[in-house]
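Chains as they are written, first to last, in full-length UniProt numbering: chain H, 1 to 192; chain X, 1 to 192; chain R, 1 to 192; chain D, 1 to 192. Glycine included, C-beta positions come from ideal geometry on N, C-alpha and C. Since the model is a prediction, treat every value here as computed from it, not as a measurement.
There are 4 protein chains.
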Amino acid sequence: MSKDKIIQAAIEVFSENGYHRASMDEIAARAQVAKGTLYYNFPGKSQLFKTVVKQGIEDIMQRTEAELNSPLPMKEKIERVIRDHLDLFLESRHFSHIVFNEISNGIEQDVLDELKELKRKYLSFLASIIEEGQCEENLCRAVDANLAAASIVGTLESTCNYYLNHQDAYSRDDLEQFAFTMITQGLFISFE
Amino acid sequence: MSKDKIIQAAIEVFSENGYHRASMDEIAARAQVAKGTLYYNFPGKSQLFKTVVKQGIEDIMQRTEAELNSPLPMKEKIERVIRDHLDLFLESRHFSHIVFNEISNGIEQDVLDELKELKRKYLSFLASIIEEGQCEENLCRAVDANLAAASIVGTLESTCNYYLNHQDAYSRDDLEQFAFTMITQGLFISFE
Amino acid sequence: MSKDKIIQAAIEVFSENGYHRASMDEIAARAQVAKGTLYYNFPGKSQLFKTVVKQGIEDIMQRTEAELNSPLPMKEKIERVIRDHLDLFLESRHFSHIVFNEISNGIEQDVLDELKELKRKYLSFLASIIEEGQCEENLCRAVDANLAAASIVGTLESTCNYYLNHQDAYSRDDLEQFAFTMITQGLFISFE
Amino acid sequence: MSKDKIIQAAIEVFSENGYHRASMDEIAARAQVAKGTLYYNFPGKSQLFKTVVKQGIEDIMQRTEAELNSPLPMKEKIERVIRDHLDLFLESRHFSHIVFNEISNGIEQDVLDELKELKRKYLSFLASIIEEGQCEENLCRAVDANLAAASIVGTLESTCNYYLNHQDAYSRDDLEQFAFTMITQGLFISFE
DNA sequence: TATGAATGAGGGTTCATTCAT
DNA sequence: GATGAATGAACCCTCATTCAT
């Protein structure tokens, strides 16, 4: 079906180029459909973008949720969340970018609002995991869970980015261990 | 002088829109000069962008360096580095974004290389502070200092971003304390 | 169809203005299509130019070739070649100019190379007629046929040009006779 | 003096690029004067162009005239005229182009008229030499002398052009001999 | 359901020219 | 006499969108 081909192509093209630099022409070409077909299936570029982002966020949420339903100790759960995100970020270099950072000037306000809402929902989802760790097991520090979620995503994104530019210096495993340490224990050795 | 007006305008426009969405027309209008004046002073858009980024990075490096020359305990130094970065990031909403995350497709390769070099130099600068904390005072954990620098910047950027979208829920001071805690102690209460 | 309209308009505009002075805007206006349509049909200005030149050269080659297939004495054939070229040059004032003399600085090298190749092919075609006259009938002097071809084209072009600026002083027939005499017998009455 | 430096630079730049493609910036740079100085010395681009063309034409006329005052047989005089022109055309590749063929759309009408007048004067000068050969020595055929002049210039220009693109195949001497033969005797061996 | 030719607003860039110094 | 910063019109080109088929 055309719609699916288009979405797949759109994920690729948006991920590689970012919103503004991605062109409907290239999406159509990559999806092997005519340009008109894009507009037959989606009202416009920004709506297509929204669909892509939505799908991406739902994917990672589902992926992560599946892991969390298994009866694991909290510490391990968070390890997995980090691993899942590294997978996603490394796999589709710019996707996290788009989702979390795309400068949005030039997208219609209503689409923009929906995107913000999606992002909010996603951070809430992460925050709820953290809250679980705060309540249930007294594992996590009593910081604001939403800020913590944002901070984790930021850390993961920027370290992935650094890693991708210096793949000779680190292994994927180094990255994962570093991220886990940094996120859970912070920079300081002790702190009274 | 035109050149300064242009740089100021460029900082604004690039910060608000990102590279690709920023237009030379708007920069000229904001700087209250004719479009041709941009090209009299800079060879083109990408070079103007480079100048802006360079200046931004040099600014924050200088600002931070000044603080670090004072004889403060390491812990306080890092507190100040965080505060300086929050200042910068909050002040110019998307500047950090541009510097650290701008999707670069479509910028000439040579300019791109210079930008990467600038970024690398900046992260090295931050890393050197961390290394100092590792060696001199045995304060910092023995993680890779460059990755740690990247991770700090990522944390600050994404929490700032979150804060700017939820200013009703937090004070600037909340943000600062959160960032310091998260960066230095991490998410977990204890970890033996 | 748009493509044909564009080519016709391009012939006119390039002929009247030369490559650098011709503007895509004017071609679009003359073709009564939107500017974007030019770029839908051709990759850019230089490619459009190439198409125009190619078509022009192929036209004159075909036109001439048709004449030469008829079983005429060589002398008459050359008369016809001259007449055909005068037709072309007088009809589309600057076309020959463009083809044979366009200063090419600023056209992409690959297009330029194709144009040179076209020109070379055309001169070879003329040269082959001359060679026929040298061999078969011992009519033509044993000069280098390619130079001779170039020289004929130059003579025709510059006399046409002169004629067009002094139409009151000569008839088309005067021009034709003059060209034939000059090309075939030269300036001197006798030469021992 | 600035004026002279400018004219020399202008000759170079116009010769290399043609009128429309030549830029005042480059002329100024080549003359090592500021851009404003061009406008201090000349009213504008087209006037500067006119000056250059004028000087070029006067140069070649003087150069040729000097040769013709010596008491040579007519045949030799014409040989020299050809040689002088080849020198000029080969030396300054596009100068003849500019003078004899520059498509002039976009130059102010009054300058254009002056240029045409210059060209006319020059062709008359050549024509007068031919006329001398017709009358005095009964050497030249009784063709229209102005057309003959135009035709000679056209031949020389286009053969020079061909030669410059195929320098491996011919020597300068080949070119000179060819031009002399073609111009004076034409293509045909005999013609009764 | 799908197409692709056509559009036109807007983007980056060039350059002859002006003018205060 | 000479400068060079500043201008703005005009250039080539891109691309999201429309619409007849």
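As assigned by DSSP and simplified to three states, the class of residue i
| i | result |
| --- | --- |
| D:F188 | strand |
| H:A127 | helix |
Best match in the options for proximity to residue i [C-alpha to C-alpha]
| i | options | result |
| --- | --- | --- |
| residue 219 of chain H | H:Y19, H:N41, H:S15, H:I152 | This structure does not reach residue 219 of chain H, given that chain H is present from 1 up to 192, and the question cannot be answered. |
| X:C140 | H:C135, H:S124, H:T181, H:A148 | H:T181 |
| R:I107 | R:V153, R:S128, R:Y163, R:R21 | R:R21 |
| D:F178 | D:D168, D:A29, D:L38, D:I82 | D:I82 |
| R:L147 | R:Y163, R:L123, R:A169 | R:L123 |
| X:E114 | X:T37, X:Q55, X:L38, X:E176 | X:Q55 |
| R:D110 | R:N69, R:E76, R:Q47 | R:Q47 |
| R:D59 | R:S171, R:I152, R:V99, R:S70 | R:V99 |
| H:R120 | X:E76, X:K121, X:H166 | X:H166 |
| R:N138 | D:N138, D:S70, D:I189 | D:I189 |
Beta-carbon proximity check, residue i vs residue j, cutoff 7 Å
| i | j | result |
| --- | --- | --- |
| H:M74 | H:G133 | yes |
| D:L187 | R:T184 | yes |
| R:I130 | R:A145 | yes |
| X:K5 | X:A31 | yes |
| X:R80 | X:E91 | no |
| R:I57 | R:L118 | yes |
Cut-off 7 Å between Cβ atoms - residues of its own chain near residue i, not counting five sequence neighbours on either side
| i | result |
| --- | --- |
| D:F89 | S96, L156, E157, C160 |
| D:V52 | I7, A10, I11, F14 |
| D:M24 | K35, L38, K45 |
| H:V33 | S2, K5, I6 |
| X:Y163 | Y170, L175 |
Beta-carbon proximity list for residue i, same chain, < 6 Å, skipping 5 on both sides
| i | result |
| --- | --- |
| X:L126 | A149 |
| X:A28 | K35, L38 |
| H:M61 | F125 |
| R:P43 | none |
| D:E192 | Confidence is the limiting factor: at D:E192 the pLDDT is only 45, short of 50, which leaves the residue's position unreliable, though a coordinate-based value still follows. Nothing meets the Cβ criterion. |
| R:K77 | L68 |
Contact set for residue i: own chain, Cβ-Cβ below 8 Å, skip 5 residues either direction
| i | result |
| --- | --- |
| H:E176 | I82, R83, L86 |
| H:K116 | none |
| X:E136 | M74 |
| X:D173 | none |
| X:S128 | A145 |
message: Please give the ranges of any alpha helix (DSSP H) in the region 45-95 of chain X, keeping only runs that are unbroken, at least 4 residues long and fully inside the region.
response: 45-69, 74-91
Entirely enclosed alpha helix (DSSP H) segments - the region 7-32 of chain X, minimum 4 residues: 24-31
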